[in-house]
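Numbering (full-length UniProt numbering), first residue to last: 1 to 232.
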């Protein structure tokens, strides 16, 4: 996929912090930005954030995900559960929801799927922060891992980002993206993660790869050199 190949993108989890940032990043660069939300009352807010179209559906109880992904070139999935969801138990949108969206995307012939995961997901060596994530939100981490595995097995170009502690605020552009197992720890803004997610479908070096992502502290010696390129 080249920087001119994206005509339409679907942002799932669009009412969340990363999702809204992805709408803002994609809006000026992609002809059609579609937002997916389970909240009917969020339509006006999502349009103000940059969505051209809004689809209301619940990834854990979908009615027509085919309509949500129809005609899009890339899916950006920023869906995720609150920590409190651990107490209520599965299914979690992090796992079952992402897998349902992935299945619909593959069936519709979508070119690329981008997922926001989390540091500590997967079997690679973990930093103390990643181990803490696993200890406190283990069921959510496991659900994300199941979704990651499904994405890697699916016949679709993919990029999976595993950010550290997510913060609000402006994009810094000072981000370390590293291979899994580099034991990154620290924080990163949702705006920085959304920028990378928006760029992933049109970045050659991001195809079919998984990255740990932090900005503070920086780890320049552990990062990989990827020429991230936004759609245009």
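Backbone N, C-alpha and C define an ideal beta-carbon position, used for all residues, glycine too.
Roughly how many whole angstroms lie between the Cα atoms of residue i and residue j?
{"i": "residue 46", "j": "residue 85", "result": "24 Å"}
{"i": "residue 153", "j": "residue 146", "result": "11 Å"}
{"i": "residue 121", "j": "residue 72", "result": "28 Å"}
{"i": "residue 57", "j": "residue 103", "result": "15 Å"}
{"i": "residue 64", "j": "residue 12", "result": "14 Å"}
{"i": "residue 30", "j": "residue 158", "result": "19 Å"}
{"i": "residue 112", "j": "residue 32", "result": "16 Å"}
{"i": "residue 156", "j": "residue 106", "result": "7 Å"}
{"i": "residue 215", "j": "residue 139", "result": "26 Å"}
{"i": "residue 178", "j": "residue 34", "result": "30 Å"}
Give me the Cβ distance between residue i and residue j, rounded to the nearest whole Å; I'm assuming they're in contact under 8 Å.
{"i": "residue 110", "j": "residue 74", "result": "7 Å"}
{"i": "residue 175", "j": "residue 196", "result": "7 Å"}
{"i": "residue 76", "j": "residue 198", "result": "7 Å"}
{"i": "residue 185", "j": "residue 127", "result": "4 Å"}
{"i": "residue 9", "j": "residue 36", "result": "With a Cβ gap of about 11 Å, residue 9 and residue 36 do not count as contacting."}
Do residue j and residue i have their beta-carbon atoms positioned less than 9 Å apart in this structure?
{"i": "residue 68", "j": "residue 42", "result": "no"}
{"i": "residue 222", "j": "residue 182", "result": "yes"}
{"i": "residue 62", "j": "residue 100", "result": "yes"}
{"i": "residue 50", "j": "residue 66", "result": "no"}
{"i": "residue 235", "j": "residue 70", "result": "Outside the shown range of the chain (1 to 232) lies residue 235, about which nothing can therefore be said."}
{"i": "residue 151", "j": "residue 137", "result": "no"}
{"i": "residue 95", "j": "residue 44", "result": "no"}
{"i": "residue 189", "j": "residue 170", "result": "yes"}
{"i": "residue 108", "j": "residue 16", "result": "no"}
Exposed or buried, what is residue i when buried is set at 16 or more other beta-carbons lying within 10 Å of its beta-carbon?
{"i": "residue 80", "result": "buried"}
{"i": "residue 98", "result": "buried"}
{"i": "residue 192", "result": "buried"}
{"i": "residue 201", "result": "buried"}
{"i": "residue 164", "result": "buried"}
{"i": "residue 172", "result": "exposed"}
{"i": "residue 88", "result": "exposed"}
{"i": "residue 204", "result": "exposed"}
{"i": "residue 206", "result": "buried"}
{"i": "residue 212", "result": "buried"}
{"i": "residue 7", "result": "exposed"}
{"i": "residue 130", "result": "buried"}
{"i": "residue 123", "result": "exposed"}
Quick one: residues in its chain with C-beta nearer than 6 Å to the C-beta of residue i, no 5 flanking neighbours on either side, listed in chain order?
{"i": "residue 194", "result": "18, 21, 22, 25"}
{"i": "residue 91", "result": "60"}
{"i": "residue 52", "result": "32, 33"}
Give me, in chain order, the residues of the same chain whose beta-carbon lies closer than 7 Å to that of residue i; leave out the 5 immediate sequence neighbours on both sides.
{"i": "residue 226", "result": "177, 203, 205, 206"}
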